[in-house]
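Chemist: Pasting in a structure now, in structure tokens, and then I'll have a few things to ask.
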Amino acid sequence: RNEKLRLSESEQKQIMDDVFGCNEAVHDPDLEDQLAALLLLRSSIDAIPPKEKVELVEASSRCEDFAHYEILFLQSVYFDAKVAAEKMLLYWKLRVCDLGVERAFLPFTIQNAFTKEQVQ
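Okay, so the sequence shown: first residue is 1 according to the working numbering, each after it adds one.
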């Protein structure tokens, strides 16, 4: 704690940038900008070739809370829609690979993520 008090404001900001992996001020865009980012995210997903987004398309039709995932991914990359689309694509590919098609699109709980044998 004493060490932090000795740092200048710019040094503290640089450390926070390093910790959180960004080099610009984190901001919460207003509602209009969030909606624009959401629309751009959906356009970015539409632009991905169908063969590359099979799992993502399946998730969009089978997951009740898919819109929540869109917002979470946008927030995680400071509303950069193209990066969010890429991350969502990879996330759903890995989720299907790890959980299998039967469980990948269920709500993410202990019961849904693991078989009964894995839990015991």
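Here a beta-carbon is modelled for each residue, glycine too, at the ideal position from N, C-alpha and C. None of these values were measured; they are calculated from a predicted model.
(1) Roughly how many angstroms separate the alpha carbons of LYS124 and TYR69, rounded to a whole number?
(2) Under the assumption that LEU89 contacts ILE48 (Cβ atoms under 8 Å), give the Cβ distance between them as a whole number of angstroms.
(3) Cα separation between VAL57 and GLU9?
(4) Have a look at ALA37 and GLU86 and give me their C-alpha separation to the nearest angstrom.
(5) Let's see if you can read the secondary structure: which residues bound the alpha helix (DSSP H) around LYS138?
(6) Measure the C-alpha to C-alpha separation of LEU39 and GLN75 and round it to an integer number of angstroms.
(7) Which of the three DSSP states is assigned to PRO50 in this structure?
(8) Do ALA84 and LYS73 come within 7 Å of each other at the CB atom, strictly closer than that value?
Modeler: So, to answer that:
(1) Nothing in the structure corresponds to residue 124, since the chain is present only between 1 and 120.
(2) Indexing the sequence shown from 1 puts residue 89 at position 89. Indexing the sequence shown from 1 puts residue 48 at position 48. With a Cβ gap of about 6 Å, LEU89 and ILE48 count as contacting.
(3) Here the question's residue 57 lines up with position 57 in the sequence shown. Here the question's residue 9 lines up with position 9 in the sequence shown. Straight-line Cα distance between these residues: approximately 45 Å.
(4) Within the sequence shown, residue 37 is the residue found at index 37, counting from 1. Within the sequence shown, residue 86 is the residue found at index 86, counting from 1. Their backbone Cα atoms lie some 14 Å apart in a straight line.
(5) Only positions 1 to 120 of the chain appear in this structure, which leaves residue 138 out of reach.
(6) On the sequence shown, position 39 is the one that residue 39 refers to. On the sequence shown, position 75 is the one that residue 75 refers to. Cα to Cα, the separation comes out at about 14 Å.
(7) As a position in the sequence shown, residue 50 is number 50, starting the count at 1. Three-state DSSP puts PRO50 in a helix.
(8) What you label residue 73 is simply residue 73 of the sequence shown in a count that begins at 1. What you label residue 84 is simply residue 84 of the sequence shown in a count that begins at 1. For clarity, residue 73 is Phe in the given sequence; the question names Lys instead. Yes, the pair counts as a contact, with Cβ atoms nearer than the cut-off.
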